Amino acid sequence: MLLNFLKTTLRSLVKDRYYSAINILGLAAGLTVTILIILFIYDELTYDKHHQLHDRVYRLESDFTLDNKNHKFAATQLPLGPTLKDEYPEIIESVRCAPVGTLYFVDEDREFQEDSIWFADSTFFLLFTHSFVHGNPDIALSRPNTMVITESFAHKHFGNTNPIGKNLTDIDNNIYEITGVIRNLPGNSHMKFNGLISTETLAERIGFERFNDRSAGSFWNIGIFSYVLLAENSNIQDVLDKFPGFYDKYMKEIGDQIKGGFELMATPLADIHLNPTALEYDQPKGNRSYVYIFIFTALFILVIASINYMNMATARSTRRAREVGMRKVSGSSRGMLIRQFLGESVFITLISFILSLILVKLLLPAFNDLSGKSLSFGILAMKEMVFPSLLIALIVGMVSGFYPAFYLSRFNPVSVLKGIVEGGTGGGSFRKALVLVQFAISVIMIIGTLIVSGQLKFMKTTDLGFDKDDLMVMTVRDTTLRRSFESFREEIMSHPEIMGAAQSSSNPGSNVGITVQRIEGENGALIDKAVNRYGVDYHYTDLMGIEILHGRSYDKSMGTDIDKAFIINEVAANEFGWGEDALGKRWQLGIQLDGPPQRDGEVIGVFRDFHYASLHNKIEPILLVLQDNPLVMPLFNIRTTGNNTEEVIAFIDEKRKEFGDHYPFDYQFLTENLDEYYREEAVIGQIFRYFIILTIFIASLGLLGLSAFMAQRRTREVGIRKVMGSSVNGIVYLFIREFSKWVIISNLIAWPLAWYGMDKWLQNFQYRIDITVWIFALTFGLSLAVALITVSWQSFRAAIINPAVSLRYE
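Letter by letter, the sequence shown follows residues 508 to 1317 in my numbering.
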């Protein structure tokens, strides 16, 4: 029975090899995209689930209320985790960790750097599951100046030897003892590091008393990530419900003085990566909306591929009608025929599935480069992946073959053996409806891709309120060079390709601080306001091209500017109720709870609003404060002409060394920082562009096969028309007109759906493009062009056949 089925199926495939190839290629392409998307989604949804206790581990997060505004942070106060553990039995362990960044190490004959180094408590490995190659996780981070490194770190710097007990010395002469080596981290970890330094090291550097301080003031400064492990059968909500009592005990005194508030938030470890809440100081994370978009994309592409199969199968009904009639006459029931045709569909799908696995294997490295992931083909062999993958292939096969099987099996044997095929009109209508669905889906995806690309272009080209181009940003660790910035500036300004330089504590594209400041309110009374701020020097606004709208910027010739002058943005002036009367308004900075402010002065300038954060966020009030301490301004911003960049970089490197900077040269261009804001959208947009090409390819395959069938079925009609005087162009136009109607209708169906979905997506941005008519016009033109090119070839071939041949066609 099985052997007979295989013979019949293979014979049918070979007999109609053209249509079989279209079906197999279309299904294989659809399944390839689907499997790649499954791998992507699996990776996104399994972040941090490799940690054995992930269902009991939570990250603590901060929700400060200052000046009646909420400010949410992924980081918390240094003493929060340990204090909560002591207060509440639901918490049985806590861990604090903080990114150090890049460390530069030296030995006798070389210098090298290692990225992604973190501080971590000794309890880190109680909460987070990491496999130790060498060392004891219980004591690895229990002493100052100890370090646990990854296997790749160890291999890179120690070769194949066991590094336990060996030392690494950084460029500041800090010595770290290697006490553990762990396996490399999985790619789906929200916390990515190559090495962990014990927080005992940090405590030793800043002082154990300060590190363990639990006074009221310590609970109003954030700067570390905190995680807690709950006892079995405990609920994090119980801790959050009790927190008001904790606030009253440790934080209320200062909160009342600054008119602030604080609420504790907590996110399950496995939910951090896709947590939709925007948090300052958070690590890069995913977007649940994009996961849903990918799921729908996979479904759309599978639908298009399945529609291809249904169209081809029903379009070939006249070819298989005689076979159906013979089988029915020979005793086959309708149920047997349905099973036969469904079996053929599943068989073709399995061939396509095998081909798609080969394509996935070949394409996966490129997809990893595109998506920034490290997906492994071996994931598909995991037990939780094998069954879903096979099930998808089976469902596609059954769905694709369901309608054709019932359609073909209903033929009347007597009629078909006489050459009469019933139900042609209904079948034709259904096929047209399928083509409409196909093209509507394709149009939706094309519109979506055009809008995503347009928004990305808008974000990269829109006026940010400052000049972002050709600005090199040096991160200076050497304190001597920081103090000597003015002299260093004079030296480098001698180069003809360097146009200016300024020093700052932050920049657009980086985190800015927020502090409570005191400003002049109604009737001259001083009121507290939470305002963003970062430190700058006298040259900063000129260098950045920040326009002063009212008043002036900082002036070195004005001796009082250093401690009695402030410049703010338009938003601040308007939000504080000053408008164009901001100049001269009193401003206090560095508010002390039990003493005078650090600075007491007035507003001397209002500058044009600039986007110091992402276009996802609206512009908030910000103060650019003239900083009198160069040690807290590690950024040297250098404007170049954009010419001879490598030579300019080498010149700056040489000059900084002349000033005694012995640290490795750490620099990047500001545009690189800004691009990081939109990296996720850029990646998704690029992936979708490839998916769109594949979608159009699959839809075109179906259209190619269907137009070939229609041309073949109307061969006699074409011959008659030519005999009656129709030209080749007239016949081609006949086919094109019919297919054009389908394209027009599919666009009309797709446009409102695409507009609704993309308008929802654009609501994620405070500053966005408008969805204009030209996007729909372009999509219509593109879809029409694809249809016409595909159909024209087949109709032209039909039109040039000799009428004498056409009229003999049966």
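In this text, a Cβ means the ideal position worked out from N, Cα and C, and glycines have one as well.
Being a predicted model, the structure only gives us computed values, none of them experimental.
Only counting the same chain, and skipping five residues up and downstream in sequence, which positions put a Cβ closer than 7 Å to that of residue i?
i	result
Arg650	Ser705, Glu707
Trp1262	Ile1278
Ile729	Ser569, Phe580, Ala582, Thr583, Gln584
Gly899	The identity of residue 899 in the sequence shown is Ile, whereas the question assumes Gly. For Ile899, where only same-chain residues beyond five positions count, the Cβ hits under 7 Å are Thr541.
His697	Tyr554, Asp555, Ile779, His780, Gln790, Lys792
Ser725	Gln584, Leu585, Pro586
What is the C-beta distance between residue i and residue j, in whole angstroms, given that I count them as a contact (C-beta under 8 Å)?
i	j	result
Ile1075	Leu1130	5 Å
Ile624	His1169	Going by Cβ atoms, the distance from Ile624 to His1169 rounds to 19 Å, so no, they are not a contact pair.
Ser859	Gly908	Not confirmed; about 12 Å, so no contact.
Leu786	Glu568	6 Å
Phe1166	Ser991	6 Å
Asp614	Thr676	7 Å
Ser638	Ile689	6 Å
Phe1073	Phe769	Actually they do not touch by this definition, with Cβ atoms about 27 Å apart.
Leu1133	Val1043	7 Å
What does a CB cutoff of less than 8 Å around residue i pick up in its chain, not counting 5 residues either side in sequence?
i	result
Val903	Leu534, Gly537, Leu538, Leu809, Ala812, Ser813, Thr856
Gly933	Below a pLDDT of 50, predicted positions are generally treated as unreliable, and Gly933, at 47, falls in that range; the measurement from the model is reported next regardless. Same-chain partners within the cutoff: there are none.
Gly793	Glu551, Tyr554, His780, Leu781, Glu1187
Lys939	Trp1249
Met892	Ile545, Tyr549, Ile886
Gln1193	Leu877
Met1000	Gly1007, Ala1008
Asp1062	Tyr1045, Asp1068
Excluding the five sequence neighbours on either side, which residues of its own chain have a C-beta within less than 6 Å of the C-beta of residue i, listed in chain order?
i	result
Lys1071	Gly1108
Leu1177	Lys975, Leu978, Val980
Pro1141	Thr982, Val983
Asp670	One point to set straight first is that residue 670 is Pro, not Asp, in the sequence displayed. Result list for Pro670: Ala661, Ile685, in chain order.
Phe1242	Val1298, Ser1302
Lys766	Asp1035
Phe632	Pro644
Ala777	Asp555, Lys556, His561
Leu1122	Met966, Phe1272, Tyr1274
Sort out for me which residues DSSP pairs residue i with in a bridge.
i	result
Glu621	Leu610
Val980	Asn1144, Gln1175
Phe1114	Ile1055, Asn1076
Phe626	Ala605, Ile704
His578	Phe571
Asp677	Phe612
Leu736	Val564, Glu600
Asn1039	Ile1021, Ile1129
Val1190	DSSP, once it has assigned bridges, lists no residue as partnering Val1190.
Trp1094	Ile1026, Gly1108
Ala1009	Asn1144
His641	Val688
Gln584	Ile729
Gly767	Leu573
Buried or exposed for residue i, please, with buried defined as at least 16 other CB atoms from any protein chain shown within 10 angstroms of its CB.
i	result
Ala1292	exposed
Asn815	buried
Lys673	exposed
Leu573	buried
Asn742	exposed
Phe1083	buried
Val1298	buried
Lys1092	buried
Gly762	buried
Ile1034	exposed
Gln1273	exposed
Val1364	This structure cannot settle anything about residue 1364, because the visible part of the chain is limited to 508 through 1317.
Gln744	exposed
Leu941	buried
Trp1094	buried
Thr1286	buried
Trp1085	buried
Val923	For Val923, the predicted model reports a pLDDT of 49, less than 50, meaning its position is unreliable; a value from the coordinates is still stated below. Result: buried.
Quiz item: Are there three or more Cβ pairs, one per stretch, closer than 8 Å when the region 558-574 is compared with the region 736-743?
Solution: The region 558-574, when compared against the region 736-743, does touch it at the 8 Å Cβ threshold.
Quiz prompt | Segment contact, 8 Å Cβ cut-off, at least three pairs: the region 1035-1054 with the region 1193-1208 | solution = By the Cβ test, the region 1035-1054 is not in contact with the region 1193-1208, since fewer than three Cβ pairs between them sit closer than 8 Å.
Quiz item: So, do the region 742-762 and the region 615-633 have three or more beta carbon pairs nearer to each other than 8 Å?
Solution: Contact fails: fewer than three Cβ-Cβ distances are below 8 Å.
Quiz item: Is it a yes or a no for the region 625-639 touching the region 598-613, going by three-plus beta-carbon pairs under 8 Å?
Solution: The region 625-639 makes contact with the region 598-613: 3 or more CB pairs, one atom from each, lie closer than 8 Å.
Practice problem: Mind the definition here: the region 1153-1165 touches the region 1051-1064 only if three or more C-beta pairs lie below 8 Å; say whether that holds. | Solution: Note that the region 1153-1165 does not touch the region 1051-1064; fewer than 3 beta-carbon pairs, one per stretch, sit closer than 8 Å.
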